[in-house]
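In the working numbering, the protein residues as written are 3 to 374.
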């Protein structure tokens, strides 16, 4: 019987205006804060944080995140953090700004506070970073020895972000329960303590993934409308938590599977309109359900939800054709991907068949909805 392992942030705080309390929160961890801030938020929050830190007698140094999560960028941020004498690192922005901050904090062996500016992925809670080159191509990833010390979610910032980001986060979170079930059925390891062994997921993480799924189906559409009105409501609060905390802990403590493999394949394609991570994962969920021969009722439920929040059901909606050549490129080398976490015979051919079936179903679903 294999051992189980669990990983999670030490603290998670969520509510409107919490980013303004960063200096207050950070005193638990240090008095010299180095902040990696996304370029869009840098002009506003570098000034706000500097003033609030000064009021409390704390030192603060900002670093503007731009371009891509490259080793060169991380080296530059690390050098500035060391020169400043940082004893706590802050990351504020999207997943890539946060991944940069995670790497810097790990290199300095200091506490980490992350402030996500959208609920578009479950990256804020995880103990890993994904790295790219200057051409925006993924070149690797790194697992760290611990998760962020504090995930600080300002719900008003999320409410003011484009609704498309929230919807994409729902697509990413939706995958958690189905991929977790696949990983459990095949006894696949999770992503915890990968440097010391192979561990199974926990029942607690599965319950969180299932809870996220229920919240999305119940509150997802309403939360998206509240986001469009820039209103922080209970529905939006629940969906932010599902997208960020519940999904994040779920995926890391159990594992991904076919849905994220589809994302990996789609993200390597060229000549298409820009798509968000969760949008591609959402279509991947449909593909996974067809591969697993899920009950038709479940597929219809998932499709109806995806459509209600504007997530793609077909390759065409993402700018791809559905030729056999395109689908083959999306699923090739399944034996080297998370497809191996799926139960049954997984080959490039069986995976391609599932993608084709999902796309055909999506076309039929959309035509049916349009007619009615």
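Cβ atoms here follow ideal geometry from the backbone N, Cα and C, with glycine treated the same way.
Quick one: Cα of residue i to Cα of residue j, how far?
i           : j           : result
residue 283 : residue 212 : 17 Å
residue 83  : residue 66  : 12 Å
residue 101 : residue 130 : 7 Å
residue 155 : residue 23  : 11 Å
residue 220 : residue 279 : 23 Å
residue 137 : residue 281 : 21 Å
residue 42  : residue 124 : 20 Å
residue 104 : residue 266 : 22 Å
residue 110 : residue 318 : 45 Å
residue 302 : residue 316 : 14 Å
residue 139 : residue 268 : 12 Å
residue 320 : residue 357 : 14 Å
residue 144 : residue 72  : 12 Å
residue 195 : residue 7   : 8 Å
residue 186 : residue 204 : 9 Å
residue 58  : residue 197 : 39 Å
residue 237 : residue 15  : 17 Å
residue 165 : residue 277 : 14 Å
residue 339 : residue 49  : 43 Å
residue 305 : residue 224 : 17 Å
residue 215 : residue 160 : 20 Å
residue 46  : residue 146 : 30 Å
Round the Cβ separation of residue i and residue j to the nearest angstrom and send it over; I've been treating them as touching at under 8 Å.
i           : j           : result
residue 87  : residue 191 : That pair is no contact at about 39 Å.
residue 202 : residue 189 : 7 Å
residue 11  : residue 226 : Between residue 226 and residue 11 the Cβ distance is about 26 Å, and since that is not below 8 Å, they are no contact.
residue 260 : residue 337 : Actually they do not touch by this definition, with Cβ atoms about 13 Å apart.
residue 254 : residue 128 : 5 Å
Label residue i either buried or exposed according to how many other C-beta atoms from any shown protein chain fall within 10 Å of its C-beta, with 16 as the threshold for buried.
i           : result
residue 289 : buried
residue 239 : buried
residue 362 : exposed
residue 157 : buried
residue 371 : exposed
residue 233 : exposed
residue 126 : buried
residue 252 : buried
residue 369 : exposed
residue 249 : buried
CB-CB under 7 Å to residue i, same chain, minus the five flanking residues each way: which ones, in chain order?
i           : result
residue 106 : 38, 76, 79, 80, 83 and 91
residue 217 : 240, 241 and 244
residue 40  : 67, 94, 95, 96, 99 and 119
Excluding the five sequence neighbours on either side, which residues of its own chain have a C-beta within less than 8 Å of the C-beta of residue i, listed in chain order?
i           : result
residue 60  : 25, 28, 29, 33, 34 and 35
residue 271 : 322, 328, 331 and 332
residue 52  : 62 and 64
residue 200 : 4 and 191
residue 70  : 98, 134, 135, 136 and 138
Please list, in chain order, all residues of the same chain as residue i whose beta carbon is under 6 Å from its beta carbon, the five residues on each side excluded.
i           : result
residue 167 : 120 and 122
residue 264 : 286 and 289
residue 348 : 336 and 341
residue 150 : 11, 114 and 116
residue 89  : 32, 34 and 112
residue 177 : 261, 283 and 287
residue 85  : none
Kindly indicate if chain B contains any beta-carbon less than 9 Å away from that of residue i.
i           : result
residue 369 : The displayed structure is made up of one protein chain only, and chain B is not part of it.
Can we count residue i as close to the ligand SAH, meaning its CB is less than 8 Å from some heavy atom?
i           : result
residue 330 : Only the bare structure without any ligand can be found here, which leaves the ligand SAH out of the picture.
Quiz item: Within the chosen definition, does the stretch 206-220 reach the stretch 182-189 through at least 3 CB pairs nearer than 8 Å?
Solution: yes
Quiz item: Quick check: the stretch 87-99 against the stretch 115-122, are there 3 or more CB pairs under 8 Å?
Solution: yes
Quiz item: So, do the stretch 172-179 and the stretch 305-318 have three or more beta carbon pairs nearer to each other than 8 Å?
Solution: yes
Quiz item: Are the stretch 288-306 and the stretch 344-357 touching by the rule of at least three beta carbon pairs closer than 8 Å?
Solution: yes
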